[in-house]
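Beneath this line is the structure, given in structure tokens, with notes to follow.
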Amino acid sequence: MKPHFHKVPIKSQNSFSIRHERESSFGTVWHYHPELELHYLIKGTGVRFIGDNISNFSDGELILLGENLPHTWRMEGGADNAAVEVIIIHFLPDCLGGDLLTLPEAYLIPKLYEKAKKGLVIKGEAREKITALMRSTVQAENLDRLISLLTILKILSETNETETITSAHAFYKSNDSETLRLNKVYAYTLSNYKNPITLQDVAAIANLGVTSFCRYFKLMTKKTYNDFLVEIRISHACRFLIEDSMTIEVICFECGFNNVSNFYRHFKNVTDMTPLEYKRKYLFKVKKEGGKVAESVNRF
């Protein structure tokens with residue numbers, strides 16, 4: 524989907540932006556911006572879209588997004604879900620001065636920025652250190668703000684506790700009409716994935732004929748609408764499997780599949796595992812890592 528350019532508000536007296544929100548406007552538009560984004564989700568669950576990746580997220584996830592990497596979050600319960608809590612830092616690559624990136628002592632930072640173009644999930648001890656720093660930086664002032672950001676960048680550039688999110692970094696430009704059209708399709712799909720969705724239904728949302736819509740969607744997203752819909756349904760199935768509160772058969776129909784064999788086939792195609800294999804693997808991983816789901820289901 525072609526994303527919308529977003530102007531990140533940064534006060535003139537500050538070199539970067541940090542905000543702590545307890546009611547977030549997630550799920551509004553698919554967008555990009557020239558600032559890098561360090562995104563700490565303290566509380567909330569749902570599905571996120573980053574580049575060409577569709578994945579689940581939950582409490583505690585820490586992500587670094589590179590410049591102009593398209594993204595959006597879709598919260599369970601909608602964009603107005605009051606249970607959401609997040610700390611977000613936005614900063615331009617040269618916010619601490621262009622000369623910093625050329626210093627020999629800082630050679631790892633440009634490498635970090637390059638890796639971030641594909642998006643990074645931060646894990647383990649690095650995540651614990653950075654999230655603690657982000658909490659303190661919210662209240663920091665003057666030089667303390669800069670020192671905190673430099674310390675965060677130091678940890679990020681030196682750690683190996685990261686996982687790449689997208690298969691390839693992507694930058695798009697779009698006009699307002701394309702953004703509006705594709706976000707209508709996006710919102711309709713996420714709201715109705717449990718129900719039967721025909722190409723006629725979704726083409727009508729986009730105000731296009733079926734043939735034109737199929738061609739348009741493939742051009743914009745590099746995948747068919749059916750592939751996109753299946754990925755959305757499988758992402759929700761993965762979360763239900765980890766929550767372990769429903770049988771696989773119930774999850775199948777809860778996620779919009781019309782029969783179990785069809786569900787098994789699509790699940791295997793997307794995850795390279797059967798639902799039972801996926802459930803056993805990640806429940807074991809969650810148990811081993813102390814019951815933390817957020818790090819265990821962020822990718823298929």
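For the sequence shown, position 125 matches number 648 in the working numbering, and the numbering has no gaps at all.
Ideal Cβ positions, reconstructed from N, Cα and C, are used throughout, including at glycine.
Contact under 9 Å by Cβ, residue i with residue j
| i | j | result |
| --- | --- | --- |
| Ser-690 | Lys-746 | no |
| Ser-538 | Leu-619 | yes |
| Glu-684 | Glu-648 | yes |
| Leu-742 | Tyr-716 | no |
| Leu-585 | Ile-688 | no |
| Ile-771 | Val-783 | yes |
| Asn-591 | Tyr-636 | no |
| Leu-587 | Leu-623 | no |
Top-ranked residue by Cα proximity to residue i, from the options
| i | options | result |
| --- | --- | --- |
| Arg-788 | Glu-754, Phe-763, Arg-762 | Glu-754 |
| Lys-791 | Ala-760, Ser-768, Asn-781 | Ala-760 |
| Val-661 | His-613, Glu-686, Asp-622 | His-613 |
| Trp-596 | Leu-731, Tyr-709, Asp-767 | Tyr-709 |
| Ala-606 | Ala-727, Ser-578, Lys-707, Glu-544 | Glu-544 |
| Glu-608 | Arg-658, Glu-628, Tyr-630, Gly-779 | Arg-658 |
| Asn-758 | Cys-737, Tyr-711, Tyr-801, Lys-707 | Asn is not the amino acid found at residue 758; the sequence shown has Ser there. Looking at the Cα atoms, Tyr-801 is the closest of the given residues. |
| Tyr-805 | Asn-785, Phe-763, Lys-707 | Phe-763 |
Alpha-carbon spacing of residue i relative to residue j, whole angstroms
| i | j | result |
| --- | --- | --- |
| Val-793 | Asp-582 | 24 Å |
| Ala-729 | Leu-561 | 33 Å |
| Ile-573 | Lys-634 | 20 Å |
| Leu-679 | Ile-632 | 8 Å |
| Ser-650 | Leu-705 | As written in the sequence, residue 650 is Arg, which differs from the Ser given in the question. If you take the alpha carbons of Arg-650 and Leu-705, they lie about 34 Å apart. |
| Lys-638 | Leu-676 | 13 Å |
| Ala-727 | Asn-576 | 26 Å |
| Thr-625 | Ala-663 | 27 Å |
| Ala-837 | Tyr-563 | This structure leaves residue 837 out entirely; the chain is present only between 524 and 823. |
| Asp-603 | Gly-732 | Since pLDDT at Asp-603 reaches only 48, below the 50 mark, its modelled position is unreliable, and no value is offered. |
| Asn-579 | Val-570 | 4 Å |
| Phe-740 | Asp-750 | 11 Å |
| Glu-686 | Asn-781 | 34 Å |
| Cys-775 | Arg-542 | 39 Å |
| Arg-803 | Pro-719 | 29 Å |
| Val-820 | Pro-627 | Any reading at Val-820 is ruled out, since the residue's pLDDT is 44, under 50, leaving its predicted position unreliable. |
| Leu-713 | Cys-778 | 11 Å |
| Asp-767 | Asn-665 | 47 Å |
| Phe-786 | Leu-672 | 45 Å |
| Met-796 | Thr-721 | 27 Å |
| Asp-667 | Met-598 | 33 Å |
| Tyr-711 | Thr-744 | 16 Å |
| Gln-723 | Asp-617 | 47 Å |
| Arg-738 | Thr-674 | 47 Å |
| Lys-707 | Tyr-748 | 13 Å |
| Met-524 | Gly-621 | Legend: pLDDT at Met-524 = 44, less than 50; position of this residue unreliable, no value from coordinates given. |
Nearest-angstrom Cβ-Cβ length linking residue i and residue j, presumed shorter than 8 Å
| i | j | result |
| --- | --- | --- |
| Ile-565 | Ile-610 | 7 Å |
| Pro-557 | Leu-643 | Contact flag wrong, Cβ pair sits at about 18 Å. |
Residue i burial status per 10 Å Cβ neighbour count (16 or more: buried)
| i | result |
| --- | --- |
| Pro-798 | buried |
| Lys-646 | buried |
| Pro-593 | buried |
| Gly-589 | buried |
| Val-725 | buried |
| Leu-703 | exposed |
| Val-773 | exposed |
| Thr-568 | buried |
| Ser-735 | exposed |
| Lys-696 | Summary for Lys-696: the model assigns pLDDT 49, below 50, so the residue's position carries little reliability; its value from the coordinates is reported in the next sentence. Exposed, by the Cβ-count rule. |
| Tyr-630 | exposed |
| Arg-756 | buried |
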